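Shown next, in structure tokens, is the structure this report addresses.
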Amino acid sequence: MNARLSLAATRAAGGAAEEDPNARLAALLLELARCVDPDVAATLPSRLDDDPRLEAMRGVLLEREQVALARLQQKFDDPREFADAVGAVLPAAFALAATDGDRLGQSIAPTVERATQASIQKNPGKMVDILYPVMGPAIRKAIAETLEGTLQSLNQALKHSLSWRGLKWRIEAWRSGSTFADVVMRHTAVFSVEHLFLVHRKTGLLLAHVARDDATTRDPQLVSAMLSAIQDFVRDSFDESGSGGTSGRSIDSLRLGDLLLWCEEGPSAFLAAVIHGNPPAMLRTRLGDTLGSIHDQWRGALDDFQGDTAAFDEAANLMRPCLISQVAETHKKKSPLLWIIPLALLIALGYWIGERVVEGRRVDAYVAALQEQPGIVVTAAERRDGKWWVSGLRDPLAAQPDALLAQTRLDPARIVGRWEPYQALHPAIMLKRLQASLNPPATVSLAQDANGIRATGSAPQRWMERARAFVLTLPAGAPAVDLSALQDVQDPDYIRLRDAIQAQLIHFDFSMPRPAADQDGKLDAVAGYMRELAQVARALGIPVKVTIVGHADATGKDTSNLALSVGRAEVVRSMLRARGVDPAVLAVRGAGPLEPLRPGASEDELSMNRRVSFGVSTGD
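With the working numbering as the guide, the letters of the sequence shown map in order to residues 140 to 759.
So, in structure tokens, the structure goes:
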């Protein structure tokens, strides 16, 4: 800083006594420390007296800012001025926030909802007054349309209730489940919806148009422009509120001869229907529902519509179901013998009732017959859509329901069966299941007794083993199956061939893996027996296995003898395969010196142990 603070300038104005310069300098330094360090300013008080000249200079330098601060403080202190200031910038703030997404709406929505809820709770009448101009006309219109449709249906029902046609329509209403008034309206209302126009309310432009294939062709754009012009004329001329515009009244219906125009107004568009004849009130309800669906699906497109109708191409699909029509029935000239009709109806009715009763009794007898069959459980029998539906549970081995149905006098086309499969534990069904699963031979007899199922006769061992294994798999609660009376009987051919093969021995020379030279005849005989055994096993339906066991004498090491015995068995198997024996029947095992035929150390005994033996077994 170029300016210097004179010690004399710090003296008090008005001729105050001079202070010690050192003390004055110390006070200035202390004040400077208070200005630099906030901690010092908080702990040490100021030791300088106020200087009027500094205050005067401060007022001159900061006069404009002080005036502005005073004016701003006044605005904050005065509620009216503060409200005016906030109101001046609030619209611009809302407009700026609206361009920044939906954050403003999300922020103020809870406040607005709570304020609205509190206002309604405090003064419900105010909300009623607000909604009355909108809800009142809507409710009156809905009630008027409902009453109109009800009166029309009642009028037609009273008109035709005492006629022959009315009697026929009552029967139709009873059979179809509809009301008599609906049936009368369906037969008497003669109309045809020819065209449907979807017109934008604000611009008057045609958004979509559908027409019947046989309808008279007109320019849709011209028709929509005329409709909009007529609507605007009615609003401008007869609107009692004086507001006019799209919020005023509009044409509800317009008739020219047998041509009727119905208009359904929506918030952004109206739907106009050109109708020939007298339509029922339900058509207006359908038009209103269709217009509501269009507003729900294209609400954004309707609000932002600028003349491009491409977005409303799919609206025709919603409008097309409203192109309905109804043609009057053609009536022939009544016959002089018309009085016969009631009599014929009564006879037909009596016959029909009789048929229903007889058919019901026959169905009951059919269901009772089903219930008596083991393995069939009937859970429901009801009449639906002109047919009898019989449903329940049926074991696959139980009697066929169609076979029982053929024994009755019921029409099979009128009986529909729905059967879910299950396994029954009835002894008769279990007997059939054993017969189908085990396929017992002719020598085995399965019969049902008081204690369950009993098997008698004789059977091969293989079949008996399979039967015992199947009995073990039966579920808990199944009838007991007694196999104790069965006798194990083997086939004589199988026994003969088994014994012949097991009696054969192929001998070997000392330490030789191939049979001795004189053993070819035995190998040929064993091969013949094995081929015949395979044929007998296939005929009996049992698997057979021939095990070739190699042996060695006790001389030498055990490991060498074991390897030699396995080699001898393998050589014999190869020689048997070469003689036409199925290799799947053959198995090999080496016994070494562990299974001697004649224990001993003599040459004869040792030569008898250098052999190959055979074992026959059944099984997998």
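Glycine included, C-beta positions come from ideal geometry on N, C-alpha and C.
Remember, predicted model here, so these are calculated numbers, not experimental data.
Asked                                                                                                   : Found
Continuous alpha helix (DSSP H) assignments of at least 4 residues falling wholly in the region 652–690 : 659–679
Residue interval of the alpha helix (DSSP H) (run including E742)                                       : E742 to N748
Buried/exposed call for G381, threshold 16 Cβ in 10 Å                                                   : Note that G381 has pLDDT 48, beneath the 50 cutoff, so the model's placement of it is unreliable and the number below is only indicative. That one is exposed.
Reduced DSSP category for D217 - H, G, I as helix; E, B as strand; rest coil                            : coil
Cβ distance (whole Å) where Q626 is taken to contact S597 below 8 Å                                     : 4 Å
Residues near R718 by beta carbon distance below 6 Å, same chain, minus five either side                : A666
D663 vs L745 beta-carbon contact at 8 Å                                                                 : no
Cβ pair P654, I645 closer than 8 Å                                                                      : yes
K261 - partner residues in DSSP beta bridges                                                            : Looking at the DSSP assignment, K261 forms no beta bridge with any residue, so it has no partner.
For D443, the nearest candidate out of A408, Q256 and L577 (CA to CA)                                   : A408
As assigned by DSSP and simplified to three states, the class of S407                                   : coil
Beta-carbon spacing of V751, R707 below 8 Å                                                             : yes
Reduced DSSP category for F753 - H, G, I as helix; E, B as strand; rest coil                            : strand
Span of the alpha helix (DSSP H) around P540                                                            : P540 to A545
Sub-8 Å separation of V620 and A673 beta-carbons                                                        : no
C-beta atoms of R425 and C461 nearer than 8 Å                                                           : yes
N-terminal and C-terminal residue of the beta strand (DSSP E) that G531 is part of                      : K526 to R533
L549 versus A676 - alpha carbon distance                                                                : 53 Å
DSSP beta-bridge partners of E333                                                                       : None; E333 has no bridge partner.
Status (buried if at least 16 other CB within 10 Å, exposed otherwise) for A411                         : buried
Alpha-carbon to alpha-carbon, F753 and F647                                                             : 15 Å
The alpha helix (DSSP H) enclosing E498, as first and last residue numbers                              : I479 to E511
Range of the contiguous alpha helix (DSSP H) that encloses A723                                         : Careful: A723 lies outside any alpha helix (DSSP H) and carries neither H nor E.
Same chain, Cβ closer than 6 Å to G556, neighbours up to 5 away in sequence not counted                 : V529 and P540
Start-to-end residues for the beta strand (DSSP E) that takes in I554                                   : I554 to P560
C-alpha gap between R242 and A234, whole angstroms                                                      : 12 Å
Top-ranked residue by Cα proximity to F416, from L585, I486, A678 and F330                              : Correcting the residue type first, residue 416 is Gly in the shown sequence and not Phe. Taking only the C-alpha atoms, the option nearest G416 is F330.
E734 in three-state terms, based on DSSP                                                                : coil
Rounded distance between the beta-carbons of L337 and A450, thought under 8 Å                           : That pair is no contact at about 12 Å.
Cβ distance (whole Å) where A508 is taken to contact L543 below 8 Å                                     : 5 Å
Residue environment, W491, which counts as buried when at least 16 other CB atoms sit within 10 Å       : exposed
T518 - containing beta strand (DSSP E), residue span                                                    : I515 to R523
The beta strand (DSSP E) enclosing H348, as first and last residue numbers                              : L345 to A350
Coarse secondary structure for R607, derived from DSSP in three states                                  : helix
Whole-Å CB distance - F649 paired with R749, under 8 Å assumed                                          : 7 Å
Run of the alpha helix (DSSP H) containing A598, from where it starts to where it stops                 : Premise fails: A598 lies in the beta strand (DSSP E), G591 to A598, not in any alpha helix (DSSP H).
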